[in-house]
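Structure first, then comments.
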Amino acid sequence: MGRDAGSWHSPPPQSRHHCKIKREDDVRSEEAEKVSSRISDEEEEEDSGARKKLRLTKEQSSLLEDKFKEHSTLNPKQKQALAKQLNLRPRQVEVWFQNRRARWRTPVFHG
DNA sequence: ACTCTCAATTATTTTACGTCA
DNA sequence: TATGACGTAAAATAATTGAGA
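Under the UniProt record's numbering, the first sequence has 42 at position 42, and the numbering climbs by one with no breaks.
Written out as structure tokens, the structure reads:
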């Protein structure tokens, strides 16, 4: 975000953290949400609706990079195994690989 | 229909840079 | 003048969304 002025201009009230400016312009009816039965993964939701994103540790990133060097793609099995090793959800591993591939295609990144 | 991958976008965190006391 | 706290813009990147195979 933040690479273009005009998105959100809102002087921080007091602290410089927790800037959660969420504007709800259009409230259009969406489809009925599916009742997802809590799939037991290691998600620690603090029941706040806060979509905190995890920062991977160096160990995790390092291992992921290592695997990426071997294969750019993951089989479901590898995904599962890797997720278990890193103590992450398969989804996160998958996402990491997706983003990694995307970055590789980007002209400026090969450094 | 269902599942999977990818491109584009979004949202949050981290870093770099500037200002002021 | 140098140093540190504070604030914002920009960069990095995890996560979501939507389209296509």
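Backbone N, C-alpha and C fix where the C-beta goes; we use that ideal spot for every residue, glycine too.
- For Arg-103, the three-state secondary structure derived from DSSP is helix.
- Here Leu-82 is not near Val-95, since their CB atoms are 8 Å or more apart.
- For Leu-54, the number of other beta carbons within 10 angstroms of its own is below 16, and it is reported as exposed.
- In the DSSP annotation of this structure, the continuous segment of the alpha helix (DSSP H) that includes Ser-61 starts and ends at 58-70.
- Annotation: the continuous alpha helix (DSSP H) that includes Leu-86 extends over 76-86.
- Taking all protein chains in view, the Cβ of Lys-79 is crowded by 16 or more other Cβ atoms within 10 Å, so the residue is classified as buried.
- The distance from the Cβ of Arg-101 to that of Ser-72 is about 6 Å, consistent with a contact at the 8 Å cut-off.
- Excluding five sequence positions before and after Gln-60, the CB atoms of its chain that fall closer than 6 Å to its own CB belong to Leu-86, given in chain order.
- The three-state secondary structure of Arg-89, taken from DSSP, is coil.
- Burial is judged here by how many other beta carbons sit within 10 angstroms of a residue's own beta carbon; Lys-67 has at least 16 and is buried.
- Residue nearest to Glu-70 within the set Leu-56, Phe-97 and Lys-58 is Phe-97 (criterion: CA-CA distance).
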